[in-house]
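Here's the structure we're looking at; comments come further down.
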Amino acid sequence: MITKLDEIVEQARRYGPKRVAVAAAANALVLRSIKQAEELGLISPLLVGHRDEIMAEAEAVGYQVSDDKIVHVAMKNETAPKAVELVRTGKADILMKGYLHTHVLLHAVLDANAGLRTDRLLSHVFLMQVPTYHKLLAVTDAAINIAPDLLQKAAIVQNAVDLMRSLGIDLPKVAALSSVETINPRIPSTIDAACLHKMAERGQINHAIVDGPFAFDNAISRQAALEKGIDSPVSGDADILLAPDLDAGNILSKNLEYLASAQMAGIVMGARVPIVLTSRSDPPGARTYSLALAVLLTQAPAPSE
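Residue numbers (our numbering): 1 to 305.
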């Protein structure tokens, strides 16, 4: 079982290099990450963007980019469709968001005729290494689904479970978060959490232990849970935190990153290939970890049905 992000890098190096299409690659931070991942043997990049801009940014970070690594497009709004096309036509194994807005990339991914959609819901997972927690922790969904309903939450959980199983966790533990740990009809997230617990028991969510509702402290600290009368195999040992909505997930993940010094990888699940998606403000290390995770996912078994 993988317990550190550096272990993901080491394991991914066995399977690399994988071909990565980078949408809007003309950015120093993005190219620094690509350079590092390429030097580690993880990837072989296809840099989509304006050739002159890519070359200028690459020179600024000391990255020697050969001409065959650049896929020239004249306009930035053409980068996402072109990167998706490279994946769809088998010229790349992984899609990566460069310096552009998430919704622009996802619009191209979800295009009915030219995209990478499947019958699964797209959802985002932050895989986090938090210094004060004893193992890797996944937070979902902090980037795509704004206010998911019950069935969407079940799909989000399944995507995260499949990711954690690819890291060697056979039966991931999922904590469905809310503001309280008791069911309250006036707080819809508590109802959803209870339903997800039962859905996992009945096989509607596969290969996972799901419990909730949990307030954050009860999910992370077994002692806090016991003091509130909660005796659950998930409390204090969660592998996955399911946020009630995008606002909560995004705030939680950014808090862990900036106040708890968490390192992270960001990935989109549910498409035909892994999609590397981090914040434009994230450091190069986050992108390198994300690329390593994507490489591992290209070797993962088929998603759970």
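No residue lacks a Cβ here, since even glycine has one placed at the ideal position from N, Cα and C.
Of the residues Leu150, Pro188 and Asp247, the one placed nearest Met199, counting alpha carbons only:
Working through the sequence shown from its first residue, we reach residue 199 at position 199. For the residues Leu150, Pro188 and Asp247, the minimum Cα distance to Met199 belongs to Leu150.
Have a look at Gly285 and Pro185 and give me their C-alpha separation to the nearest angstrom.
Translated into positions along the sequence shown, residue 285 becomes position 285. Translated into positions along the sequence shown, residue 185 becomes position 185. So the alpha carbons of these two residues sit roughly 42 Å apart.
Return the chain-ordered list of same chain residues with a C-beta closer than 6 Å to the C-beta of Gly80, the five sequence neighbours on each side being excluded.
The sequence position of residue 80 within the sequence shown is 80, counting from 1. Here residue 80 turns out to be Ala, not Gly, going by the sequence shown. Ala23, Val104, Leu105 and Ala108, listed in sequence order.
Pair every Cβ in the segment 292 to 301 with every Cβ in the segment 268 to 277, then say whether three or more of these pairs are closer than 8 Å.
yes
Integer Cβ distance of Ala262 from Leu256, believed to fall under 8 Å:
Stepping through the sequence shown from its first residue, residue 262 is reached at position 262. Stepping through the sequence shown from its first residue, residue 256 is reached at position 256. The pair is a contact, with the Cβ atoms about 4 Å apart (cut-off 8 Å).
Reduced DSSP secondary structure (H/G/I, E/B, other) of Arg120
Residue mapping note: residue 120 aligns to position 120 of the sequence shown, counting from 1. If DSSP states are grouped into helix, strand and coil, Arg120 belongs with coil.
Close-in-space but distant-in-sequence residues of the same chain around Glu38 (CB under 8 Å, 5 per side omitted)
Along the sequence shown, one-based indexing puts residue 38 at 38. Excluding residues within five positions, the ones whose Cβ falls inside 8 Å are Pro17, Ser44 and Pro45.
Please return the same chain residues whose Cβ sits closer than 7 Å to the Cβ of Gln36, not counting the five positions on each side in sequence.
Position 36 of the sequence shown, counting from 1, holds the residue named residue 36. So the list reads Pro284 and Thr288, once near-sequence residues are dropped.
Taking the continuous beta strand (DSSP E) assigned at Gly115, which residues delimit it?
On the sequence shown, residue 115 is found 115 positions in, with the first residue counted as 1. Careful: Gly115 lies outside any beta strand (DSSP E) and carries neither H nor E.
Cα separation between Leu123 and Met55?
Along the sequence shown, read from residue 1 onward, the residue named residue 123 stands at position 123. Along the sequence shown, read from residue 1 onward, the residue named residue 55 stands at position 55. Note that residue 123 is Ser in the sequence shown here, rather than Leu. Their backbone Cα atoms lie some 33 Å apart in a straight line.
Look up Pro81 in the DSSP assignment and say whether it is helix, strand or coil.
The residue given as residue 81 occupies position 81 in the sequence shown. Three-state result, Pro81: helix.
How many whole angstroms separate the CB atoms of Pro213 and Ser189, which I take to be in contact at a CB cut-off of 8 Å?
Translated into the one-based positions of the sequence shown, residue 213 becomes position 213. Translated into the one-based positions of the sequence shown, residue 189 becomes position 189. Yes, they are in contact, since the Cβ atoms of Pro213 and Ser189 sit about 7 Å apart, within 8 Å.
Can you tell me the Cα-Cα spacing of Thr102 and Gly115, whole angstroms?
Here residue 102 is taken as the residue at index 102 of the sequence shown, counted from 1. Here residue 115 is taken as the residue at index 115 of the sequence shown, counted from 1. When rounded, the distance between both Cα atoms is 15 Å.
Drop a sphere of 10 angstroms on the beta-carbon of Tyr63, count the other beta-carbons inside from all chains shown, and report buried for 16 or more, exposed for fewer.
Start at 1 with the first residue of the sequence shown, and residue 63 comes out as number 63. So Tyr63 ends up on the buried side.
Span of the beta strand (DSSP E) around His72:
Taking the sequence shown and counting its residues from 1, the one referred to as residue 72 is at position 72. Counting along the chain, the beta strand (DSSP E) containing His72 begins and ends at Ile70 to His72.
Using DSSP with H/G/I as helix, E/B as strand and the rest coil, what is Asp192?
Position 192 of the sequence shown holds residue 192. Helix at Asp192.
Given that a residue counts as buried once 16 or more other Cβ atoms are within 10 Å of its Cβ, and exposed if not, what is Thr89?
Locating residue 89 in the sequence shown gives position 89, counting from the first residue. That one is exposed.
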